[in-house]
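S.K.: Using our numbering, you'd call the opening residue of the sequence shown number 6 and step up by one each time.
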Amino acid sequence: MEAEEEKKILKAGEISGKVREWSRKLVKPGAKIVEIADAIEAEINKEGGRLAFPVNVCINDVTAHYAPKFNDETVLGEADVVSIDLGAHVDGYIGDTAYTIDLGGEYGDLLEANERALEESLKLVAPGVSVSEIGKTVQEILEDAGFKPIENLSGHEIGQYNLHAGLSIPNIKVPYDWRVEEGMVLAFEPFATNGYGRVIESAQAEIYGMDEGVKVRDREARKILREMEERKGLPFAVRWYAEKMSPVRLGMVLNQLSQQEIIKRYPPLHEKEKGIVSQFEHTVIVTEDGCKITTK
Ligand code: CO
């Protein structure tokens, strides 16, 4: 890895980790989730990063891909389990990190096991280690504690302007033998639940992504396409464009673009049996004999 590249990866990680810690105070009963997401996104920019993806605020059985709507009225409840997933990028080099807060104090065991699964899996990382070995460790820790990993979500390799590049890091034992390599940037994100251990898609997407290099002629769509294009494939929230045109128009444009397969939808994912879900995540660079956590 080139020094300049590594510097940017570390910077993106540092900003992500710093904003993660800063954001904890925002997560409290009565807080409006759209305000939490807006504040975190503003803080990432203030710290000199750009948004690698929309801030996710996932409550209870909602597991991933939930970005608040522009007019979202959702307020955190006294007993909600809230996961915040955020990421900064510097010239496309990404830090991706997440944590969960249990506002009611009822799910301490779940969160503790989840955090431990992340820590222990990071200790295993080194060139040549099989991702199945990592998944097996996560699965065992969670199952020994009486919980389940979300089997159909995984950690992922990260490339420049590419949130999901190449290698997947499963959270269960898998029957294949992909291996970690030196220099890889990897996001480890075990999800734990007291439910079934799978996620399914909900209907309405608030997060989209666009493939690079696609040309669109539609005049209405062009109003927002330039900004989407500037993200070079990184995901965006519908909320970010809510002031560019009326919500109805925006919905139509997004529908049309996704039907034409110009943009891709990322619908919210929730636990199959409405189990409570937690998530902890760090980004690392794989080194010669281990890994360096960028989002500490
Ligand atoms: Co993440």
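Glycine is no exception: its CB is placed at the ideal position from the N, C-alpha and C atoms.
Less than 8 Å between the beta carbons of V291 and P175, yes or no?
M.R.: Against a cut-off of 8 Å, the Cβ pair of P175 and V291 comes out as no contact.
S.K.: Going by C-alpha to C-alpha distance, which of E266, W27, I229, V95 sits closest to E248?
M.R.: Nearest of E266, W27, I229, V95 to E248, Cα basis: I229.
S.K.: Any chance the stretch 89 to 103 sits against the stretch 262 to 275, with 3 or more Cβ pairs inside 8 Å?
M.R.: Verdict: no, contact absent.
S.K.: Would the beta-carbon of T198 fall within 8 Å of that of K153?
M.R.: In contact: T198 and K153 (Cβ atoms closer than 8 Å).
S.K.: Evaluate contact between the stretch 41 to 60 and the stretch 114 to 121, counting only Cβ atoms and requiring at least three cross-stretch pairs below 8 Å.
M.R.: Touching, no, given that fewer than three Cβ pairs across the two stretches are closer than 8 Å.
S.K.: Quick one: grab the DSSP three-state call for N167.
M.R.: Three-state DSSP puts N167 in a strand.
S.K.: From the DSSP output, which residues share a beta bridge with Y271?
M.R.: DSSP lists I212 as partners of Y271.
S.K.: Which partner residues of Q284 appear in the DSSP bridge assignment?
M.R.: Q284 is bridged to F196.
S.K.: Given a cut-off of 8 Å, decide if T299 and G18 are closer than it, judged by their beta-carbon atoms.
M.R.: In contact: G18 and T299 (Cβ atoms closer than 8 Å).
S.K.: Is the distance from the Cβ of H70 to the Cβ of Y271 below 8 Å?
M.R.: Yes; because the gap between Cβ atoms is below 8 Å, this pair is in contact.
S.K.: Beta-carbon separation of V282 and T142 under 8 Å?
M.R.: No, the Cβ-Cβ distance between V282 and T142 is not below 8 Å.
S.K.: To the nearest angstrom, report how far apart I38 and Q209 are at their CA atoms.
M.R.: Cα-Cα distance, rounded: 17 Å.
S.K.: Against chain C, does N119 count as a neighbour if the rule is that its beta carbon must be under 8 Å from one of theirs?
M.R.: Looking at the structure shown, chain C is missing, and only one protein chain is on hand.
S.K.: Flag A103 as yes when its Cβ comes closer than 7 Å to any non-hydrogen atom of the ligand CO, and as no otherwise.
M.R.: Answer for A103: yes, Cβ within range of the ligand CO.
S.K.: Kindly examine the ligand CO and report whether one of its heavy atoms sits closer than 7 Å to the Cβ of A192.
M.R.: Within the cutoff, so yes.
S.K.: I think S135 touches D182, with their Cβ atoms under 8 Å apart; what is that distance to the nearest whole Å?
M.R.: Contact holds; Cβ gap of about 5 Å.
S.K.: Buried or exposed: R244, going by 16 or more other Cβ atoms within 10 Å of its Cβ?
M.R.: Classification of R244: buried, given that the 10 Å Cβ count is 16 or more.
S.K.: Could you spell out the range, first to last residue, of the alpha helix (DSSP H) harbouring D114?
M.R.: Its alpha helix (DSSP H) spans residues 113 to 129.
S.K.: To the nearest angstrom, how far is it from the Cα of G140 to the Cα of D223?
M.R.: Rounded to whole angstroms, G140 to D223 spans 45 Å at the Cα level.
S.K.: Checking the sheet assignment: what are the DSSP bridge partners for T105?
M.R.: According to DSSP, T105 bridges with S88.
S.K.: Going residue by residue through the stretch 8 to 78, where are the continuous beta strand (DSSP E) segments of at least 3 residues, counting only ones entirely within it?
M.R.: You should have 61 to 64, 67 to 69.
S.K.: According to DSSP, is S135 helix, strand or coil?
M.R.: If DSSP states are grouped into helix, strand and coil, S135 belongs with the strands.
S.K.: Using 8 Å for Cβ pairs, my map puts L12 next to E52. What's the rounded Cβ distance?
M.R.: The amino acid occupying residue 12 in the given sequence is Lys; Leu does not appear at that position. About 16 Å; that fails the 8 Å criterion.
S.K.: Can you tell me which of M6, A36, L31, N76 puts its alpha carbon nearest to the alpha carbon of A242?
M.R.: Ranking the options by Cα distance to A242, first place goes to N76.
S.K.: Is E162 near the ligand CO, in the sense that its beta carbon is under 7 Å from a heavy atom of that ligand?
M.R.: Flag unset: Cβ of E162 not near the ligand CO.
S.K.: Indicate, with yes or no, if the ligand CO has a heavy atom lying under 7 Å from the CB of E186.
M.R.: Not under cutoff, so the answer is no.
S.K.: In this structure, does DSSP put E234 in helix, strand or coil?
M.R.: Of the three classes helix, strand and coil, the one that applies to E234 here is helix, per DSSP.
S.K.: Excluding five sequence neighbours on each side, which residues of the same chain lie with their C-beta closer than 7 Å to the C-beta of S159?
M.R.: These residues qualify, in order along the chain: S173, I174, P175, N176.
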